[in-house]
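Enquirer: Sharing a structure here in structure tokens format.
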């Protein structure tokens with residue numbers, strides 16, 4: 103249990119080691135903006151249905167994608183391409199940052215300033231701010247339903263075995 | 009893919025496109041449960057359930073949705089499931105981040121998860137994160153609302169410390185009603201209750217409050233705020249002692265130089281209300297015992313009645329029953345000459361064919377609007393007044409103007425599930 107001594111639990115102690123990572127720099131700010139859909143709308147419902155055993159956490163995946171880089175030797179063309187990609191990503195970050203500042207009622211500077219840092223570290227809801235339209239998601243699933251039904255009709259024996267295994 | 013398809017197809021049965029083309033629940037009564045494996049370690053289970061009951065009720069008070077706590081059905085039959093967890097929790101794909109930042113998340117299928125590493129507190133605790141405010145926000149997501157960046161909106165993504173008056177404002181109400189429609193329904197009676205108060209200077213001032221009654225509960229309607237009082241509806245027996253607990257047919261306030269008497273009518277009986285002592289009279293100063301038969305107190309009036317109101321212009325009580333109107337002269341204590349009459353003769357239509365044609369639900373004189381309204385179903389007709397006839401002399405006396413919808417004039421008078429009447 104969380105330790106407390108008062109009858110009304112008003113002195114309940116939280117375990118300090120289990121604290122959310124504070125947003126302090128561009129990397130963590132970019133994670134924040136990606137998580138909540140400011141860089142690219144999030145398919146929140148799809149995340150809900152992802153196989154929990156096979157995928158990592160959505161945030162872990164984001165962190166990995168942002169941290170990992172390629173180790174391919176740079177050719178002149180690839181260097182230009184990388185520079186272009188880096189510039190594009192930076193623009194995307196600034197654009198997302200500006201959008202966050204705008205909806206949060208902050209001064210829209212495009213810079214990761216102190217006010218923006220405070221706003222990002224405020225307690226907030228985990229639902230993304232920018233989501234993919236649910237109707238689009240369900241329409242794409244509908245086409246899968248048709249394909250799945252046809253699979254069931256032609257391979258009923260295998261299907262029942264698969265069901266039994268599950 | 010098959011698993012996903014089955015889940016979506018099951019979800020489809022619960023949800024559909026609303027009239028506005030948005031995803032929303034397709035039914036109006038929703039079941040919820042705080043999962044046994046997801047209790048918070050910070051509040052008692054009863055506190056948690058109470059807070060969630062209150063949170064659901066707050067949405068019920070501004071929408072046509074009703075919520076009932078279901079602790080018996082199989083979990084898959086429960087529409088909205090709530091639980092607390094930390095880090096990896098409750099089989100959820102979204103790990104919580106520890107103390108700070110993310111405090112909860114919700115899914116369209118109806119699961120709400122709260123991060124138990126946050127310091128959740130009961131309402132008005134003064135510190136920590138108000139569980140009530142977070143719950144109301146997350147339920148909003150489950151119902152189909154996205155984040156809204158407007159200051160004061162309950163759907164703002166960031167948590168702001170709870171102000172003392174945390175309630176759903178006009179825009180939040182309209183947002184949920186955009187998905188589920190407004191609150192419609194019939195009323196038993198509507199009235200302005202007059203009370204006399206003394207100012208600090210000893211002057212007597214007259215004030216009024218507007219009440220809507222439906223079955224066994226009532227709402228106080230705040231005309232200046234275009235909404236009902238926060239926390240309504242209330243059970244009848246709480247605010248009106250001694251009247252039938254399952255509802256009334258009519259309320260009449262006879263108010264003249266000689267008389268000041270309030271009556272409630274139900275079936276073939278009526279009660280006189282004692283405003284001073286806030287309960288019905290058992291015996292009034294005239295020696296009458298209550299309840300009394302309508303036939304005794306108002307000879308000539310056939311009961312039970314549909315509704316009634318007192319017209320101060322001619323000192324008559326107008327009783328409505330089916331297609332007939334009985335005008336009762338209180339001074340003469342008898343029916344006015346020529347009555348009963350057909351309702352169309354007493355209150356003719358201004359526009360041909362636009363008339364309630366009898367079986368009125370409520371007749372209401374409004375001091376706010378200085379007008380008489382006849383309510384039937386979800387509609388109302390305003391009676392032509394002297395000012396209307398001054399502007400348009402061709403209007404018939406006591407004519408009924410074209411109908412309008414009740415919920416477009418008196419807003420957000422919403423029922424709640426009867427189990428939510430007492431939290």
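Chains as they are written, first to last, in our numbering: chain A, 103 to 268; chain B, 9 to 431.
Where is the CB? At the ideal position from N, CA and C, for every residue including glycine.
Relative to the C-alpha of residue 226(A), which candidate in 129(B), 145(B) and 131(B) has its C-alpha closest?
Expert: 145(B)
Enquirer: Flag this pair as yes or no: are the beta carbons of residue 366(B) and residue 351(B) separated by less than 7 Å?
Expert: Going by C-beta atoms, residue 366(B) is nearer than 7 Å to residue 351(B).
Enquirer: Tell me residue 114(B)'s beta-bridge partners as DSSP assigns them.
Expert: 120(B)
Enquirer: Three-state secondary structure (DSSP) at residue 125(B)?
Expert: Three-state DSSP puts residue 125(B) in coil, outside helix and strand.
Enquirer: Exposed or buried, which one is residue 398(B) when buried takes at least 16 other CB atoms within 10 Å?
Expert: Classification of residue 398(B): exposed, given that the 10 Å Cβ count is below 16.
Enquirer: With a cut-off of 7 Å, does the C-beta of residue 109(A) fall near any C-beta of chain B?
Expert: no
Enquirer: Give me whichever residues DSSP pairs with residue 422(B) in a beta bridge.
Expert: Note: residue 422(B) sits in no beta bridge, so no partner.
Enquirer: Taking 8 Å as the limit between beta carbons, can you name the residues of its chain near residue 147(B), skipping five residues before and five after?
Expert: 63, 64, 67, 88, 114 and 120
Enquirer: Is residue 317(B) near residue 335(B), with beta carbons less than 7 Å apart?
Expert: no
Enquirer: If you count every other CB in all the chains shown that lies within 10 Å of the CB of residue 372(B), and 16 or more means buried, which is it?
Expert: buried
Enquirer: Just to confirm the assignment: which complete alpha helix (DSSP H) runs, minimum length 4, are found wholly within the region 326-385 of chain B?
Expert: 351-354
Enquirer: What are the start and end residues of the alpha helix (DSSP H) that includes residue 179(B)?
Expert: 178-188
Enquirer: For residue 329(B), does the count of other Cβ atoms within 10 angstroms reach 16, so buried, or fall short, so exposed?
Expert: buried
Enquirer: With distances taken from CA atoms, which of 187(B), 221(B), 59(B) and 103(B) is nearest residue 421(B)?
Expert: The candidate whose alpha carbon is nearest that of residue 421(B) is 221(B).
Enquirer: Going by other Cβ atoms of all chains shown within 10 Å of its Cβ, with 16 needed for buried, is residue 358(B) buried or exposed?
Expert: Residue 358(B) should be labelled buried.
Enquirer: Can you find a CB in chain B that lies within less than 7 Å of the CB of residue 215(A)?
Expert: no
Enquirer: Which value, in whole angstroms, describes the spacing of the CA atoms of residue 82(B) and residue 273(B)?
Expert: Residue 82(B) and residue 273(B): Cα-Cα distance of roughly 45 Å.
Enquirer: Can you grab the Cα-Cα spacing for the pair residue 369(B) / residue 164(B), in whole Å?
Expert: 40 Å
Enquirer: Straight-line CA distance for residue 94(B) to residue 137(B)?
Expert: Pairing residue 94(B) with residue 137(B), the inter-Cα distance amounts to about 16 Å.
Enquirer: How about residue 7(B) and residue 414(B): do their beta carbons lie closer than 7 Å?
Expert: Beyond the ends of chain B as shown, which are 9 and 431, falls residue 7(B); an answer cannot be given.
Enquirer: Below 7 Å on C-beta distance, what does residue 348(B) contact in chain A?
Expert: None at all; the shortest Cβ gap to chain A is about 57 Å.
Enquirer: How about the region 177-189 of chain B and the region 303-310 of chain B: do they share at least three Cβ pairs that are nearer than 8 Å?
Expert: no
Enquirer: Closer than 9 Å by beta-carbon distance: list the chain A residues that pair up with residue 166(B), in chain order.
Expert: 206, 221, 224, 225, 226 and 227
Enquirer: Drop a sphere of 10 angstroms on the beta-carbon of residue 209(B), count the other beta-carbons inside from all chains shown, and report buried for 16 or more, exposed for fewer.
Expert: exposed
Enquirer: Under 8 Å: do the region 34-49 of chain B and the region 71-85 of chain B share three or more Cβ pairs, one atom per stretch?
Expert: yes
Enquirer: Could you check if residue 340(B) is buried or exposed, using at least 16 other CB atoms within 10 Å of its CB as the buried criterion?
Expert: exposed
Enquirer: Please report how far the alpha carbon of residue 138(A) lies from the alpha carbon of residue 389(B), in whole angstroms.
Expert: 50 Å
Enquirer: If you reduce the DSSP assignment to three classes, tell me which class residue 167(B) lands in.
Expert: coil
Enquirer: Determine, using beta carbons only, whether residue 147(A) and residue 106(B) come nearer to each other than 7 Å.
Expert: no
Enquirer: Whose C-alpha, out of 241(B), 403(B), 169(B) and 159(B), is nearest the C-alpha of residue 142(B)?
Expert: 169(B)
Enquirer: What are the partner residues of residue 242(B), as DSSP defines its beta bridges?
Expert: In the DSSP assignment, the residues bridged to residue 242(B) are 226(B).
Enquirer: Beta carbon of residue 192(A), beta carbon of residue 125(A): below 7 Å?
Expert: Contact check for residue 192(A) against residue 125(A) fails: the beta carbons are separated by 7 Å or more.
Enquirer: Does the beta carbon of residue 21(B) come closer than 7 Å to any beta carbon on chain A?
Expert: Confidence is the limiting factor: at residue 21(B) the pLDDT is only 48, short of 50, which leaves the residue's position unreliable and the question unanswerable from this model.
Enquirer: Which residues, in order along the region 29-48 of chain B, keep a beta-carbon less than 7 Å from a beta-carbon of chain A?
Expert: Residues 31.
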